[in-house]
Every structure is written in structure tokens, then in C-alpha cells.
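Below is one structure, written out as C-alpha cells; comments come after it.
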Amino acid sequence: MLLLLAPRFLPRFQVYLTGLILTTGLLAVSLNLVLGLGGMYQFHHAVFYGIGAYTVALVITKTVLSPWIGFLLAPVVSALFSLVIGLICVRLSKLYFGMLQISLGSLVWAVVFRWYSFTGGDDGIHGISVPDIISSTDGAYYFSLILTSICLIVMQRIVNSPFGRSFQAVRDNPVRSEAVGINVKRVQLTGMVISGAFAGIAGSMFVVIEGSVFPELMFWTLSLEIIIMCLLGGWFTFLGPMLGAAIIVLLRTVVGIYTEYWTMVLGFVLMLLILFLPQGVLGYFLESCKRGGGKAVREEK
Amino acid sequence: MLLVENLQKSFDGFMAVSDARLEVEKGEVIAVIGPNGAGKTTLFNLITGQLKADGGKILFKGENIAGLSPYLICRKGIGRSFQVVNIFSRLTVFENVRVAVMSCNKRTFSLFSKAKETSVYETGEILKSLGLTEKADRISGSLSHGDQKVLEMAIALGNRPELLILDEPTAGMSPEETRDTLELMKLLSRERGITILFCEHDMELVFSIANRIMVMQHGRTIIQGEPDVVRNDTRVQEAYLGEADEGS
Chain A
705 MLLLLAPRFL PRFQVYLTGL ILTTGLLAVS LNLVLGLGGM YQFHHAVFYG IGAYTVALVI
765 TKTVLSPWIG FLLAPVVSAL FSLVIGLICV RLSKLYFGML QISLGSLVWA VVFRWYSFTG
825 GDDGIHGISV PDIISSTDGA YYFSLILTSI CLIVMQRIVN SPFGRSFQAV RDNPVRSEAV
885 GINVKRVQLT GMVISGAFAG IAGSMFVVIE GSVFPELMFW TLSLEIIIMC LLGGWFTFLG
945 PMLGAAIIVL LRTVVGIYTE YWTMVLGFVL MLLILFLPQG VLGYFLESCK RGGGKAVREE
1005 K
Chain B
56 MLLVENLQKS FDGFMAVSDA RLEVEKGEVI AVIGPNGAGK TTLFNLITGQ LKADGGKILF
116 KGENIAGLSP YLICRKGIGR SFQVVNIFSR LTVFENVRVA VMSCNKRTFS LFSKAKETSV
176 YETGEILKSL GLTEKADRIS GSLSHGDQKV LEMAIALGNR PELLILDEPT AGMSPEETRD
236 TLELMKLLSR ERGITILFCE HDMELVFSIA NRIMVMQHGR TIIQGEPDVV RNDTRVQEAY
296 LGEADEGS
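What follows is the structure, encoded as C-alpha cells:
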């Protein structure tokens, strides 16, 4: 409700910032589908985000197709890349899976970084004209708000579906999952494709908010940042990563005003997190609520 | 129903199973016994696909299943429990069993239906028959060891197996729990017609329920036969007594 009215009373920059938080948050929640729910070390999630963004940018600038087709294509293309990278990686487990994914993802990044005639190389593509209705700050904000809400509802649904439960089972005990007839690799691959598609949607939202794309969108440091968001917010909770994204984006913006070494502050925050809130921020609050609730029940008895 | 011939498996040159033979008819309760390290668990892991055999045949309903992935073998109708508790320890008891039931009902890849409304009745029935109903909402990792072993069986039953393989179902159980498990196995065999293959160290239990017994030593099948035949077989006595001599 508050989010719906935000553009009414917030200054333009803060509306833009909220939109960016939603976008990054959606990206983090999509990563958490595989990381938290599926227990897979998805180390290079940003690739699928970048691919979504570039798909929209390229459809708008290089083709005569309607921009909306770009938005429809973004999750599809991201899912396809997910499928290909997934097919190669999923046969490995744990860390090896993550390492191979980083190298394949970096390959995609390198191509985008170098292919000047098609992707604009390291400059990226700027001044992308999105449809009028979403080109204003408010329009972009509402676009991202609506899209994020829909995606969150769908993802929540997937988490609570039979597939979501089976994915959790695979995370907890792959050996036993196979023994009860679950095709573990296929579950993991499906999870990756779904997660990649949502990252692609987040990527398309980024284009609307920023009006430009650049190779940093799929650089591995961004992947690391999203993982930190998941850990920070609480990777065993559904909305935790969203909160983590908000904290990181705000921290970068606020601290970034005073010093360019904002990552130092981030490092400090991370250290505190690992020492005091290993469950993540949201995880911690939920836990203490539960404990508080449990205590109340006991007292009643 | 199940026929194992000349099965072999070695780990780094050590022959864990060198010549295993086993025959299971539909509706039977078959026990596999043998001293520690005889290769019983390896044999079970070979049958259900956790390990790949180096040689030999495993026929299930006339079809060679050696080398298939565990999930495919499970779908053919072989369910199993594990010797060391192997459950989804962060999920509730109910979810543990439901995962198996959903997989059996081919619902694993349903993305948009609600898990809460899926396979509830069947899962409830299984929990009821094993006396776990009251613990359905507990996180399975917090159960007592005995209850976790029962949950092991409940998960295996979630796949509606025709052949149920139990790897030391009563290991670490109290005498009462062991008795309950024995009753349960009899019930499954008699009332649901499930064929059971199990291994066990508790000889009293073995001789009170098994139709036939297969004895393994050093990775080889010594004999498979009726309990009385096995009891009086000199090679079996030697295997156990010899083992006892070495132990003392």
C-alpha cells in the first residue's frame, strides 16, 4: 500500500531508488530459488540478469519489433541460457558446479564485452527508448512494482508447489531423493531455468529504470553481491533476499556519497552478520518471533 | 520377482561383493544374514542403484536393472530404507513421506498446484499405519533414533513398492521398538502383499519372520534356503563360529 503511493510523496531520486531496490530484490529472490531452496551453489546468477537486460536493449535498438516483445523475450532468452549452462554444470555437484558456472558465465560476459558491433562492447548501450507509458520515473517505478509483485506471487507459488517441496528434499538429501524416485538432476535443472527466467525479468526492469545496459550487469562481482544479499537477508526465508537487496542498495547509495570505499563498510557489515546473525536479518527476526510466540504459549499453559 | 546372479563389486581392489546370488519370489520375506563386512549393504546398494556393479546380473520381473539410476529403479517398484538413518532432516515428518508419495504420483514437476493439498490422504494413511500420526508436524531431525528408523520405512512405503528392501530396520532400536517393527513387517507382508527383502543381525527376528534366508560371507553367497536348512548347514555354522573364534 505504502509502496503504491510512494511516488506521491517521495522525491524523484528516492522513487528511482525504490525501483532499483525492487529490481535488485527480485534478482536476489530469484537467485535464492536455487541457492536457498535448492541448495545449489549458483555463483554466477548475474549472467541471466544481464542477458535479460541485453535482450530488451537489443530488441529495442536493433530491431523494428515492438519493445514489448523484448520484455516478453527477456525471460525466455535468460531461461534458454540457463538451460544450456545448466545442462553443462548440473552434472557436477556443489563447489564444482559453482566454479564451472563462473567460468561459463564469464565466457558470456567476455563475448558481450568484446562484441562492439552487436552489444556495444564495454560501453554498453545507452539511451534506450522504452515505451512512453513506462519511460517517466513514476512510470518505470510502477512498471517495476507491478512486475515484481507478480513475480513474487508466482515464485511463492512455486516454492509451495510439489516441485518446490521436492527441490527442498533434493537440497537436504540428494541420495535419498533419488531413492524415492526423484530425478535429481532434472529437478535441479528445472530450478535453474525457472530462476534464470525470473532473473531475466529483473534484467528487463533494469533497462526501464536506467535506460541503459552495460557489461558490468553480468560481471561476476555482481553475482557475488547478490549472494551476499541472500545471506544478509536470510536465505532460508522467502523475502529475506529482498530485504538484503534493500540494505545493500541503500548502503551503497548512502555510504557512496561519503566515500568511494563503500565496500569496506560492506565488509564490516558482513563480518557482524556472520558473527551475530548467521540466519540473516529476516531469518533472525522470524526466529525471535517464533521463540517469543513459543514463550507466550508456554506461559499460558 | 528378483533374481541376482554372480554379482560383483570391488572398491579399490577390495572385493566387497564377489559372487552374490539371490532369488526372491513374489510375496516372500527374505532375510540376508552374514557377519559384519560380508557385503550385505553393498548388495542392497547394488540392487537399488546407489552403486554400479562391476559384473553380474540383477533381474527384476525379468528385466535387467543393473546399472540403472536409483530413481528409475525406484519407479519400477523397488523401495528401500537405509541402515544409517537417511531422511530429509530439515523437513517435517509429514513432508518427508509426502515427497516420496508425490514422486510416486508423478507430481514432482507440478509447478503451480499447492503442495499443501497434494497427496495428503495417502501420506496420512502411511503415517497412521506406522503410528507416526502424532509426530507428523515435528521436524524429522528432532525425532528419536527409533522413530527416525520408522520414518525410514514410511518414506520407503511412500513409493508404494512391490519389493521393499530394508537395510537393518531395527539397528539401534529398543526391544519394544524392535517388536513393533517386526509386527509391522509381518503386517506389510500379509495384508498388503509386499515382498520384503531385509538384512538383520537380530537372529531371533530373522528366524521368526523370514520364509527363506540367504547367508553371505566375504562377499559370497554361501546358501539360500529355508530357515531350518540354513540353521543346520555346516558351512553357515562355520562362518558364524569361525567369525566368533576370530573375535575372541
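From first to last, the protein sequence lines stand for chains A and B. For the first sequence, the numbering used here begins at 705 and goes up steadily by one. For the second sequence, the numbering used here begins at 56 and goes up steadily by one. Beta carbons: idealized from backbone N, C-alpha and C, even for Gly.
Below 7 Å, is the gap between the Cβ of residue i and the nearest heavy atom of the ligand NAD?
{"i": "Ile905 (chain A)", "result": "The ligand NAD is not part of this structure, which contains no ligands at all."}
To the nearest angstrom, how far is it from the Cα of residue i to the Cα of residue j?
{"i": "Leu166 (chain B)", "j": "Gln860 (chain A)", "result": "11 Å"}
{"i": "Leu936 (chain A)", "j": "Gln272 (chain B)", "result": "54 Å"}
{"i": "Phe912 (chain A)", "j": "Leu721 (chain A)", "result": "Here the sequence assigns Val to residue 912 (chain A), which means Phe is not the residue at that position. Going from the Cα of Val912 (chain A) to the Cα of Leu721 (chain A) covers about 13 Å."}
{"i": "Leu731 (chain A)", "j": "Leu741 (chain A)", "result": "15 Å"}
{"i": "Val985 (chain A)", "j": "Gly729 (chain A)", "result": "15 Å"}
{"i": "Phe115 (chain B)", "j": "Leu804 (chain A)", "result": "38 Å"}
{"i": "Leu799 (chain A)", "j": "Leu970 (chain A)", "result": "24 Å"}
{"i": "Met56 (chain B)", "j": "Leu77 (chain B)", "result": "11 Å"}
{"i": "Val816 (chain A)", "j": "Ser65 (chain B)", "result": "49 Å"}
{"i": "Leu101 (chain B)", "j": "Ala121 (chain B)", "result": "8 Å"}
{"i": "Gln34 (chain B)", "j": "Gln105 (chain B)", "result": "No statement about residue 34 (chain B) is possible, as the shown extent of chain B runs from 56 to 303 and does not include it."}
{"i": "Pro216 (chain B)", "j": "Gly68 (chain B)", "result": "34 Å"}
{"i": "Pro771 (chain A)", "j": "Gly987 (chain A)", "result": "39 Å"}
{"i": "Lys190 (chain B)", "j": "Phe149 (chain B)", "result": "8 Å"}
{"i": "Ala761 (chain A)", "j": "Ser848 (chain A)", "result": "16 Å"}
{"i": "Asp109 (chain B)", "j": "Ala75 (chain B)", "result": "12 Å"}
{"i": "Val1001 (chain A)", "j": "Thr941 (chain A)", "result": "Low local confidence applies: a pLDDT of 48 at Val1001 (chain A) is under 50, so the model's placement there is unreliable, and no value is given."}
{"i": "Ser158 (chain B)", "j": "Asn214 (chain B)", "result": "7 Å"}
{"i": "Leu735 (chain A)", "j": "Met933 (chain A)", "result": "10 Å"}
Between residue i and chain A, is any beta-carbon pair separated by less than 8 Å?
{"i": "Leu253 (chain B)", "result": "Note that residue 253 (chain B) is Phe in the sequence shown, not Leu. It does not: the Cβ of Phe253 (chain B) has no partner Cβ on chain A nearer than 8 Å."}
{"i": "Arg368 (chain B)", "result": "Residue coverage of chain B in this structure runs from 56 to 303, which leaves residue 368 (chain B) outside it and unanswerable."}
{"i": "Glu150 (chain B)", "result": "yes"}
{"i": "Ile249 (chain B)", "result": "no"}
{"i": "Phe115 (chain B)", "result": "no"}
{"i": "Thr97 (chain B)", "result": "no"}
{"i": "Ser184 (chain B)", "result": "no"}
{"i": "Phe164 (chain B)", "result": "yes"}
{"i": "Ser158 (chain B)", "result": "yes"}
At a CB-CB cut-off below 9 Å, which residues of chain A make contact with residue i?
{"i": "Phe66 (chain B)", "result": "Under the 9 Å cutoff, chain A gives no residues; its nearest Cβ is about 17 Å from Phe66 (chain B)."}
{"i": "Gln105 (chain B)", "result": "Val879, Glu882 and Ala883"}
{"i": "Ile210 (chain B)", "result": "Arg880, Ala883 and Val884"}
{"i": "Ser73 (chain B)", "result": "Within 9 Å Cβ-Cβ: nothing; Ser73 (chain B) doesn't reach chain A, min ~25 Å."}
Show which residues of chain A have a CB atom less than 7 Å away from the CB atom of residue i.
{"i": "Ala155 (chain B)", "result": "Val884"}
{"i": "Gly213 (chain B)", "result": "Val884"}
{"i": "Ala170 (chain B)", "result": "Asn864, Ser865, Pro866, Gly868 and Arg869"}
{"i": "Thr173 (chain B)", "result": "Pro866"}
Closest Cβ-Cβ distance between residue i and chain B: below 8 Å?
{"i": "Gly938 (chain A)", "result": "no"}
{"i": "Phe1025 (chain A)", "result": "Here chain A covers residues 705 to 1005 and nothing more, so residue 1025 (chain A) does not appear."}
{"i": "Phe942 (chain A)", "result": "no"}
{"i": "Asp827 (chain A)", "result": "no"}
{"i": "Phe902 (chain A)", "result": "no"}
{"i": "Val891 (chain A)", "result": "yes"}
{"i": "Thr894 (chain A)", "result": "yes"}
{"i": "Asp876 (chain A)", "result": "yes"}
Is the Cβ-Cβ distance between residue i and residue j less than 8 Å?
{"i": "Val794 (chain A)", "j": "Lys889 (chain A)", "result": "yes"}
{"i": "Phe143 (chain B)", "j": "Val154 (chain B)", "result": "yes"}
{"i": "Asp842 (chain A)", "j": "Pro715 (chain A)", "result": "no"}
{"i": "Thr178 (chain B)", "j": "Arg162 (chain B)", "result": "no"}
{"i": "Thr225 (chain B)", "j": "Glu259 (chain B)", "result": "no"}
{"i": "Gly904 (chain A)", "j": "Gly756 (chain A)", "result": "yes"}
{"i": "Ile277 (chain B)", "j": "Val270 (chain B)", "result": "yes"}
{"i": "Ala873 (chain A)", "j": "Ser881 (chain A)", "result": "yes"}
Which chain B residues sit within Cβ distance under 7 Å of residue i?
{"i": "Asn887 (chain A)", "result": "Tyr126"}
{"i": "Arg861 (chain A)", "result": "Phe167"}
In chain B, what lies closer than 9 Å to residue i by C-beta?
{"i": "Gln872 (chain A)", "result": "Phe143, Arg145, Leu146, Glu150 and Val154"}
Can you pull the chain A residues whose beta carbon is under 8 Å from the beta carbon of residue i, in chain order?
{"i": "Arg135 (chain B)", "result": "Ala883"}
{"i": "Ser197 (chain B)", "result": "Going along chain A, no residue has its Cβ under 8 Å from Ser197 (chain B), so there is no contact; the nearest lies around 14 Å."}
{"i": "Arg130 (chain B)", "result": "Gly885"}
**Q.** Segments of 4+ residues assigned as alpha helix (DSSP H) that fall wholly inside the stretch 887 to 969 of chain A
**A.** DSSP runs (the alpha helix (DSSP H)) wholly in the stretch 887 to 969 of chain A: 888 to 914, 924 to 937 and 944 to 962.
Q: Jot down the residue ranges of each uninterrupted alpha helix (DSSP H) in the stretch 174 to 214 of chain B, minimum 4 residues, whole runs only, in chain order.
A: 175 to 184 and 200 to 212
Q: Starting from the N-terminal side, write out each stretch of the alpha helix (DSSP H) that is 4 residues or longer and does not extend beyond the stretch 259 to 303 of chain B.
A: 282 to 286 and 289 to 302, all fully within the stretch 259 to 303 of chain B.
Q) Which runs of the alpha helix (DSSP H), 4 residues or longer, sit entirely within the stretch 796 to 879 of chain A? A) Restricting attention to alpha helix (DSSP H) runs no shorter than 4 residues, the stretch 796 to 879 of chain A encloses them at 798 to 818, 820 to 823, 841 to 863 and 866 to 876, ordered along the chain.
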